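Accompanying notes for the structure given below.
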Amino acid sequence: MTCLPYLADRAAFVDATDLITIFGDEAALEAAARATAVATSAIICTLSMAADRAADRVAFGRPCGRHGSLSGGQIGD
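Below, the structure is given as structure tokens:
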């Protein structure tokens, strides 16, 4: 009997089936690549939002960072 990994819902099962059908033995590598792409996109979005907040602080004359300067603050401060 073949053991299948736990799949959270029907959509995950369909996605896994599609990857196995298309990529065969390389399905796990493709799934990992897709997961990495999604995570990378989320990180880029988060960094972009933090940079926008810092730029707004400078534009409106509010201090950035921990030292009260108008520029050069750490992202997220």
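Letter by letter, the sequence shown follows residues 118 to 194 of the numbering used here. Note that CB positions come from ideal geometry on N, CA and C, so glycine has one too. On a predicted model such as this, the values are computed, not experimentally measured, just so you know.
Between which two residues does the alpha helix (DSSP H) harbouring F140 extend? DSSP places F140 in the uninterrupted alpha helix (DSSP H) bounded by R127 to F140.
Specify, as a first and last residue, the run of the alpha helix (DSSP H) that E147 falls within. Unbroken alpha helix (DSSP H) run through E147: A144 to A176.
Same chain, Cβ closer than 7 Å to F140, neighbours up to 5 away in sequence not counted: The residues E147, in chain order, have a CB closer than 7 Å to that of F140 in the same chain once the five nearest residues on each side in sequence are set aside.
What does the Cβ neighbour count give for A149, buried or exposed, with the cut at 16 atoms within 10 Å? Answer is exposed; the Cβ neighbour count stays below 16.
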